[in-house]
Amino acid sequence: MLKERIRQLHLPPFPQSRPQALDTLLREEYGYLPPKPVSMSWEELETNPRFCAGKAPLKKVQLNCLLPSGRSFAFPVYCAVPADGKAHPAFLHINFRTSLPDMYQPSEELCDNGYAVFTFCYNDVTRDNGDFTDGLAGVLFENGERRADTDCGKIAMWAWAASRVMDYICTLPEIIHDRVSVIGHSRLGKTALLAGATDERFFCAISNDSGCSGAAVTRQKQGETVKDIVDRFPYWFCKNYYKYAGRESEMPFDQHWLIGAIAPRYAYVCSAAEDLWADPESEHLACVAAGEVYGEGGFVTCDRPPRAGDIFHGGRIGYHLRAGLHFLSREDWLNYISFLGRKL
Ligand code: GCU
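Per the numbering used here, the very first residue in the sequence shown carries number 38; after that it's consecutive.
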């Protein structure tokens, strides 16, 4: 049944190589990521020793990046590492807010389960609006310089920032560097998938309710379409993407390529049953199609559209469909912990 559904979508086949897939996604959708810094430094700004009852003190660290252009850019990251002297796997949570505790991040529960948690606020990198003079965008497009058609949109800038946090994490002996999973919700779920696809150091990339231009196949998608998203949020993408509004069938790629570009590393897609704007069925279909890129055991699911309560943790792509609304909930995190626990 699902094979037939996929056949009807006429999805463009995944290219011969992952770099080819990634290059198309960057050129046509998100824009090429900013260049890596030539050097980085960091400074601890604050510590809260009482965070998580003192079990995982919270540090605010500023990451300073010197770009090849000679200009610098800095942003803060918040780090909670269990203080038991052991080495830990970690989550890198790209979030909407800086203040902790946060409704999308159950820090204490994550730390109690043995994870360190690093988080930054996307608005501290560049604000979520069309202002390209703000933050990292202002550093990249100096003096309001025009964005070329393949230059990065803001999702690519937030993904770049996730890689800078990874640069920092890789210097910390208390973290198991090859067990760091990047996660985000909604627009930041799109960002987490892109970070996972562009940076092979991530163990797993987790998309929570990312929908259109994230984890959902675009062809025959319900809810939000490319036209909807580029009309409201053109600045998330590169300008090349705008031409696909209303012309989804002409896209030389589809979103299963984004998940496929993470292979053979782990990917996880979560949908919420009432989140019809994101479209759970199209997110599930993207996992099915990406599973073929992973090969045997890539995505282990059942042969029908997903139902609330379904959990598929058997393959390299994890999936669950939670009851309820668009939200990054505790139940979602417990599923991520459970999936990663099987794979770590
Ligand atoms: C809007 C947008 C979605 C996005 C969501 C979010 O609904 O249309 O594409 O995922 O915002 O980030 O919450």
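Every residue, glycine too, gets a C-beta built ideally from N, C-alpha and C.
Keep in mind it's a predicted model, so treat the numbers as computed, not measured.
Alpha-carbon to alpha-carbon, residue j and residue i
| i | j | result |
| --- | --- | --- |
| Y331 | P86 | 43 Å |
| L95 | K280 | 44 Å |
| E211 | D121 | 10 Å |
| C116 | T156 | 7 Å |
| V254 | E333 | 21 Å |
| S223 | V75 | 31 Å |
| K73 | A198 | 10 Å |
| R284 | F349 | 32 Å |
| W314 | K191 | 21 Å |
| N160 | R134 | 8 Å |
| N166 | D149 | 36 Å |
| R397 | K258 | This structure cannot settle anything about residue 397, because the visible part of the chain is limited to 38 through 381. |
| K276 | P343 | 34 Å |
| D312 | G107 | 44 Å |
Near the ligand GCU: residue i beta-carbon under 7 Å from a heavy atom
| i | result |
| --- | --- |
| R302 | no |
| C189 | no |
| R269 | yes |
| R42 | no |
| W195 | no |
| G248 | yes |
| S223 | yes |
| W294 | no |
| E261 | yes |
| I192 | no |
| I131 | no |
| I266 | yes |
| W314 | yes |
Residue i, buried or exposed, once every other Cβ within 10 Å from all chains shown has been counted against 16
| i | result |
| --- | --- |
| H125 | buried |
| E261 | buried |
| C307 | buried |
| H47 | exposed |
| T196 | Here the sequence assigns Ala to residue 196, which means Thr is not the residue at that position. Buried, by the Cβ-count rule. |
| L362 | exposed |
| E40 | Here residue 40 is Lys; the residue named in the question, Glu, does not match the sequence. By the neighbour-count rule (16 or more Cβ atoms within 10 Å), K40 is not buried but exposed. |
| S247 | buried |
| D236 | buried |
| A127 | buried |
| R44 | exposed |
| R269 | exposed |
| R201 | buried |
| E318 | buried |
| T84 | exposed |
| C207 | exposed |
| P119 | buried |
According to DSSP, residues forming a beta bridge with residue i
| i | result |
| --- | --- |
| I220 | H130 and I243 |
| M203 | M203 is not bridged to any residue. |
| M77 | C102 |
| A153 | A127 |
| V306 | S244 and Y356 |
| E83 | K97 |
| Y69 | D188 |
6 Å CB neighbourhood of residue i in its chain, flanking five on each side removed
| i | result |
| --- | --- |
| L82 | K97 and Q99 |
| A360 | A310 and A345 |
| P105 | P72 and V75 |
| A242 | V219, A229, L230, G233, I299 and A304 |
| L103 | P74, V75, S76 and S109 |
| I213 | A124 and P126 |
| L177 | P71 |
| W273 | G190, K191 and I192 |
Sequence-distant residues of its chain with Cβ nearer than 7 Å to residue i (five each side left out)
| i | result |
| --- | --- |
| G328 | G335, F336, G352 and I354 |
| I266 | C249 and S250 |
| K380 | Y303 |
| G17 | What is shown of the chain runs 38 to 381, which leaves residue 17 out entirely. |
| P393 | The first residue shown for the chain is 38 and the last is 381, placing residue 393 beyond what the model contains. |
| Y278 | E65, E66 and V267 |
Sequence-distant residues of its chain with Cβ nearer than 8 Å to residue i (five each side left out)
| i | result |
| --- | --- |
| E368 | R359 |
| F290 | P49, A58, T61, L62, E65 and E66 |
| A90 | E145 |
| G181 | F169 and T170 |
| I374 | L147, N150 and Y152 |
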